[in-house]
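Everything on this sheet refers to the single structure shown next.
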Amino acid sequence: MDKKMTIWQGDITTLKVDAIVNAANKSLLGGGGVDGAIHQAAGPELLQATKKLGGAKTGEAKITKGFKLPARYVIHTVGPIYKNGLNNEAQLLAKCYKNSLALAQKHHLKTIAFSAISTGVYGYPLDEATEICVSTVKKILPEMKNVEEVIFVVFDEPTKEVYENTFEQLGI
Ligand code: APR
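Residue 70 in this note's numbering is what sits at position 69 of the sequence shown, and the numbering runs on without skipping anything.
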């Protein structure tokens with residue numbers, strides 16, 4: 002079947018998909034932004050589960066159940082903190098998407114929804130981050146046989162516009 006890449010505006014914690022991808026920090030013990038919203042919506046069992054994961058390095062991805070979320074699973078990935086673009090930020094951001102998709106493939110998940118990793122508190126310039134994540138997913142999605150749909154979740158209008166422009170530039 003034809004694989005789909007779509008953009009959806011709203012709160013990722015409301016999505017009934019196989020997995021939502023959390024923009025976590027290295028502790029995996031929650032925080033603000035989308036991380037805070039996901040832990041809030043999933044309930045305290047999520048923190049109990051992430052406590053057992055022993056943290057994660059930048060670019061890594063780890064998976065837990067979704068508990069009270071409508072999503073079956075949460076994939077926790079740690080995006081790079083943007084400094085000046087000369088500290089491997091682009092490669093590390095791409096790794097977040099590659100490793101998250103690899104986990105979805107491994108767990109036979111069909112639908113996966115990404116938050117815009119690193120573009121909030123971690124300060125990644127939105128245009129650059131969006132070009133990296135959309136082109137990375139476009140490139141590797143065909144190899145992820147089990148994954149049928151990737152949803153890019155945007156939380157506000159400006160982010161939606163950048164994703165739509167990037168989709169157009171990449172012919173999606
Ligand atoms: N649903 C979807 N997207 C959301 C939501 C939500 N409920 N809340 C925030 N976002 C969006 C933000 O608007 C931004 O576009 O998620 C994107 C990522 O922003 P952050 O959550 O700030 O994540 P990040 O920039 O990767 O920083 C991670 O922030 O919250 C802490 O614990 C987290 O230390 C980690 C750091």
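C-beta atoms are modelled at their ideal positions from N, C-alpha and C, and glycine is treated no differently.
Residue from the options with nearest C-alpha to residue i
i	options	result
L104	P45, G32, A20 and K4	A20
V163	H109, N147 and T131	T131
K99	K69, G124, T59 and D36	T59
D3	E169, P81 and K111	K111
E129	H109, E90, P143 and K146	E90
A72	G56, Q92 and L47	L47
I64	P159, P81 and C97	C97
G34	C134, G124, L142 and M145	G124
C56	L29, I76, V79 and K66	In the sequence on display, residue 56 carries Gly and not Cys. Closest option to G56, Cα to Cα, is L29.
L54	G31, G37, I8 and E165	G31
8 Å contact criterion, which residue i and residue j should meet: CB distance rounded
i	j	result
K17	E149	The pair is not a contact, with the Cβ atoms about 15 Å apart (cut-off 8 Å).
A95	I13	That belief does not hold up - the Cβ atoms of A95 and I13 are roughly 20 Å apart, past 8 Å.
V154	S116	5 Å
S101	A50	Not a contact, Cβ separation roughly 17 Å.
Heavy atom of ligand 1 within 7 Å of residue i beta-carbon
i	result
I113	no
N166	no
T160	yes
T14	yes
N26	yes
A38	yes
V135	no
S101	no
G55	no
I118	yes
G121	yes
Start-to-end residues for the beta strand (DSSP E) that takes in residue i
i	result
I173	Neither: I173 is in no beta strand (DSSP E) and is coded neither H nor E.
A72	Here A72 belongs to no beta strand (DSSP E), and DSSP marks it neither H nor E.
E144	It is not in any beta strand (DSSP E) - E144 carries neither H nor E in the DSSP assignment.
I118	Here I118 belongs to no beta strand (DSSP E), and DSSP marks it neither H nor E.
F153	E150 to V155
Bounding residues of the alpha helix (DSSP H) (the contiguous stretch that carries residue i)
i	result
Y255	Outside the displayed span of the chain (2 to 173) sits residue 255, for which this structure offers no information.
E1	The structure shown does not extend to residue 1, since the chain spans only 2 to 173, so no value can be given for it.
D18	Sequence check: residue 18 is Val here, not Asp. No alpha helix (DSSP H) holds V18; DSSP gives it neither H nor E.
A42	G34 to A43
(message) Would the segment 136 to 154 count as touching the segment 40 to 53 if we require 3 or more Cβ pairs under 8 Å?
(response) Between the segment 136 to 154 and the segment 40 to 53, the count of C-beta pairs closer than 8 Å stays below three; the two stretches do not touch.
(message) Count Cβ pairs between the segment 164 to 171 and the segment 22 to 29 that sit closer than 8 Å; are there 3 or more?
(response) Because the criterion of three Cβ pairs below 8 Å is not met, the segment 164 to 171 and the segment 22 to 29 do not touch.
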